[in-house]
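See structure below.
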Amino acid sequence: MTNQDRLARTYGGLLHAYPRRYRRARRDEMLSTLLDGAPPDRRWPTLAEASDLVIGGLRCHFQLPRGVAYQVIALLVGMTVGLTFAASASWLAWAGSPEPISVSTATALAHEAMPREPAGGPVSYQDPRSLILGEAAGGYSVAAAPELPRIEFRYPGGDVAEGITMLAAAHERLLAEGWDAQPLDENSASDFWASRGDARMWVGYYATGQDLGVGVVVHGGLPVAVPLAAIIGLLIGLVVGWLWTGWAVRRYQRHAPAARAFMVIVTAPILVIALVTIVVTAGYGISVAFTDGWSWSDPIQIATAMMRAIPTLGLLLGGLLVASVVAARAPEGPEHGQPFTAAQTMRYGARAAASVHLLIAAGFAAILVWYLATLHGTGGDRSGMLTNRYDPKDHVPFGDSPLNPIGALLVPAELSFLIGWLLSPAWLTVSLPLLAVSWRSTGWRTRGLVVVAALTAVALPALVFSPTGSDAATWLAD
Amino acid sequence: MHEPTFFILTSLAGPPLHGYAIIQTVGKLSDGRITLRAGTLYAALDRLAGDDLITLDREEVVDSRLRRYYRLTDSGTNALSAEVDRMRRSASVAAAGLRRLGGATPGAVTLGAVTLGAVTLGLSGAAA
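Chains as they are written, first to last, in our numbering: chain D, 3 to 480; chain W, -17 to 110.
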């Protein structure tokens, strides 16, 4: 093998950094240019040449085409991926951090203030998603720093006078135990903060209707890894989302009109929902974080707001992945303006017909899985499921929330379940003739897809009349 | 217009050139300041072709190597002329400033091998 042969082979390997379509068009020409510029005795590409080719190839894959519209889309996708990464990273960081405060520690500290058994068990607020609320938890308001992980205890008292007496006694006990406590005076007679080392405690009188007494809230520290992970996740996600958009748009530009239309139909509503999610999530997090001024622990609010949007963001990313799969797998547009061949038209028609069956089956399956998961969650209480004890609305995955679109997505799935077993067999009058007509001009994969799809149309009526299927229908109808 | 783009268009302001010839010409025109590599060159050629500033003139195979020759389009010629005018005006403003300082009185301002204010190398041929 001569030096030139070896060099040509290495250049050819480096050119694999470019997309296949680009290589088909440019490979020989670029190879000629590279070999023309190489001295006869060169055996290997220089480092500069190699990096130039690799960077050029990556640009061909991922560089966003010019255009303001593409930049806006890239920004939206970047923010969506960034928020998802930030939320996931926050969640992982939280899960990987030591527990902010243990129940035993909190119980021991609370005992110093109130040396008696609290009513009921302590209430722990250490799920990051509950920390965003800054809520009046359990009927009485937490006066400050509601965002921190905390464990709450209640000590019911008699009337207001007894409550105030209990509070004053707790104040004295804490001072005696070496706590630095806010003074109890006329201006703040109903609650006070106390600290000792890293420990922080709020003690206050509460009165909610007939429920009177003293509450003790022991606060834990903030896992600093959480906001840090959120920021790193956001930055990485922004870059990934931007590159992803560049890749998808480059594919979009070379696709046939049908694939382009599908990508737009799938992506456009996702981007609109993404914009709303980004604004709501960021706005919610920032507004809560800035309430009562900014503090070092406030980034947690933004991170926890993101965590609440995880179901939405996950679904949005799922939709974008579907559009990307189409971008990657859909047929490229005919070159030089040639129309589709008859075989291609048959193939895409058969696949489209199969998709209708499969979508109905997917919705049906989702409801069946939802029913079985809920039944499992009730400990197998079948009669309860059938007698309206477990309302489907109360068992929407991730809860009923404006930031959780799963509830809305369950509506078409419910329709698939309730009438899909009729629609899908009816659709066989379209898909089966199409399969017969296109049999010779389609490959085994398309034929297999249509056959499997047609089988689901037969399976749905059988499933809906099975014991489990009819139970699920009863539960859903209730 | 970035300098490499300017020199690629300038190199094509004459007979059509293939990839390696463009690299050589750009190096010569820029007095060796700009060294184009294949990846950078073809990214630029794709962009310029996409903007309709250059087009494929012909292709031929020499010693089993495929060579594609590119030339300026009318839009490319106009864009290059506009850029040269802009640079000439900028150079004139700078030269007038230097004259007011009473320092050196530059004649033609030279950018690489492309001389502004005196001779526009190659452009006359392309514009013709």
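Note that the Cβ used here is the ideal one computed from N, Cα and C, for glycine as well.
With H, G and I counted as helix, E and B as strand and the rest as coil, what does DSSP make of residue i?
{"i": "residue -16 of chain W", "result": "coil"}
{"i": "residue 25 of chain D", "result": "helix"}
{"i": "residue 47 of chain W", "result": "strand"}
{"i": "residue 15 of chain W", "result": "coil"}
{"i": "residue 207 of chain D", "result": "strand"}
{"i": "residue 419 of chain D", "result": "helix"}
{"i": "residue 197 of chain D", "result": "strand"}
{"i": "residue 40 of chain D", "result": "coil"}
{"i": "residue 389 of chain D", "result": "coil"}
{"i": "residue 20 of chain D", "result": "coil"}
{"i": "residue 183 of chain D", "result": "strand"}
{"i": "residue 7 of chain W", "result": "helix"}
{"i": "residue 67 of chain W", "result": "helix"}
{"i": "residue 442 of chain D", "result": "coil"}
{"i": "residue 119 of chain D", "result": "coil"}
{"i": "residue 396 of chain D", "result": "helix"}
{"i": "residue 383 of chain D", "result": "coil"}
{"i": "residue 484 of chain D", "result": "Residue 484 of chain D lies beyond the stretch modelled for chain D, which goes from 3 to 480, so this question has no answer here."}
Can you list, in chain order, the residues of its chain whose CB lies under 7 Å from that of residue i, leaving out five sequence neighbours each side?
{"i": "residue 371 of chain D", "result": "none"}
{"i": "residue 138 of chain D", "result": "At residue 138 of chain D the pLDDT is 35, less than 50, meaning the model places this residue with poor confidence; the figure from the coordinates comes in the next sentence. Within the same chain, residue 138 of chain D has no close Cβ partners at all."}
{"i": "residue 140 of chain D", "result": "With a pLDDT of 35 at residue 140 of chain D, under the threshold of 50, the modelled position of this residue cannot be trusted, and the question is left open."}
{"i": "residue 328 of chain D", "result": "261, 264 and 265"}
{"i": "residue 109 of chain D", "result": "124"}
{"i": "residue 91 of chain D", "result": "231, 232, 234 and 235"}
{"i": "residue -7 of chain W", "result": "-1, 4, 7, 8 and 11"}
{"i": "residue 272 of chain D", "result": "318, 321 and 322"}
{"i": "residue 17 of chain W", "result": "9"}
{"i": "residue 105 of chain D", "result": "124, 126 and 153"}
Is the shortest distance between the beta-carbon of residue i and the beta-carbons of chain W less than 8 Å?
{"i": "residue 36 of chain D", "result": "yes"}
{"i": "residue 21 of chain D", "result": "no"}
Quick one: residues in its chain with C-beta nearer than 6 Å to the C-beta of residue i, no 5 flanking neighbours on either side, listed in chain order?
{"i": "residue 33 of chain D", "result": "13"}
{"i": "residue 36 of chain D", "result": "13"}
{"i": "residue 65 of chain D", "result": "248"}
{"i": "residue 330 of chain D", "result": "none"}
{"i": "residue 49 of chain W", "result": "0 and 42"}
{"i": "residue 20 of chain D", "result": "59 and 62"}
{"i": "residue 204 of chain D", "result": "195 and 219"}
{"i": "residue 169 of chain D", "result": "207 and 216"}
Would you give the residue range spanned by the alpha helix (DSSP H) that residue i belongs to?
{"i": "residue 372 of chain D", "result": "344 to 379"}
{"i": "residue 87 of chain D", "result": "70 to 98"}
{"i": "residue 170 of chain D", "result": "162 to 178"}
{"i": "residue 46 of chain D", "result": "Where residue 46 of chain D is concerned, there is no enclosing alpha helix (DSSP H), given that its DSSP letter is neither H nor E."}
{"i": "residue 320 of chain D", "result": "312 to 331"}
{"i": "residue 192 of chain D", "result": "From DSSP, residue 192 of chain D is part of no alpha helix (DSSP H); its letter is neither H nor E."}
{"i": "residue 235 of chain D", "result": "227 to 256"}
{"i": "residue 28 of chain W", "result": "20 to 32"}
{"i": "residue -5 of chain W", "result": "Note, residue -5 of chain W: premise wrong, no alpha helix (DSSP H); not H, not E."}
{"i": "residue 478 of chain D", "result": "469 to 479"}
Against chain D, does residue i count as a neighbour if the rule is that its beta carbon must be under 8 Å from one of theirs?
{"i": "residue -13 of chain W", "result": "no"}
{"i": "residue 58 of chain W", "result": "no"}
{"i": "residue 53 of chain W", "result": "no"}
{"i": "residue 48 of chain W", "result": "yes"}
{"i": "residue 1 of chain W", "result": "yes"}
{"i": "residue 16 of chain W", "result": "no"}
{"i": "residue 5 of chain W", "result": "yes"}
Along the chain, where does the beta strand (DSSP E) containing residue i start, and where does it finish?
{"i": "residue 127 of chain D", "result": "125 to 127"}
{"i": "residue 216 of chain D", "result": "213 to 221"}
{"i": "residue 153 of chain D", "result": "152 to 158"}
Excluding the 5 residues preceding and the 5 following residue i in the sequence, name in chain order all residues of the same chain whose CB lies nearer than 8 Å to its CB.
{"i": "residue 423 of chain D", "result": "366, 462, 463, 465 and 466"}
{"i": "residue 18 of chain D", "result": "25 and 59"}
{"i": "residue 177 of chain D", "result": "183"}
{"i": "residue 186 of chain D", "result": "169, 170, 173 and 194"}
Verify the CB distance criterion: does residue i have a CB-CB separation below 8 Å to chain B?
{"i": "residue 159 of chain D", "result": "Structure shown: chain B not included; protein chains present are D and W."}
Along the segment 28 to 60 of chain D, what residues have a CB closer than 7 Å to any CB found in chain W?
28, 30, 31, 32, 34, 35, 36, 37, 38, 39, 50, 51, 54, 55, 57 and 58
Looking at chain D, which residues of the segment 68 to 79 of chain W have a Cβ within less than 8 Å of any of its Cβ atoms?
none
Taking only beta carbons into account, state which residues of the segment 19 to 33 of chain W come closer than 8 Å to chain D, listed in chain order.
Flagged, chain order: 19, 20, 21, 22, 23, 24 and 25.
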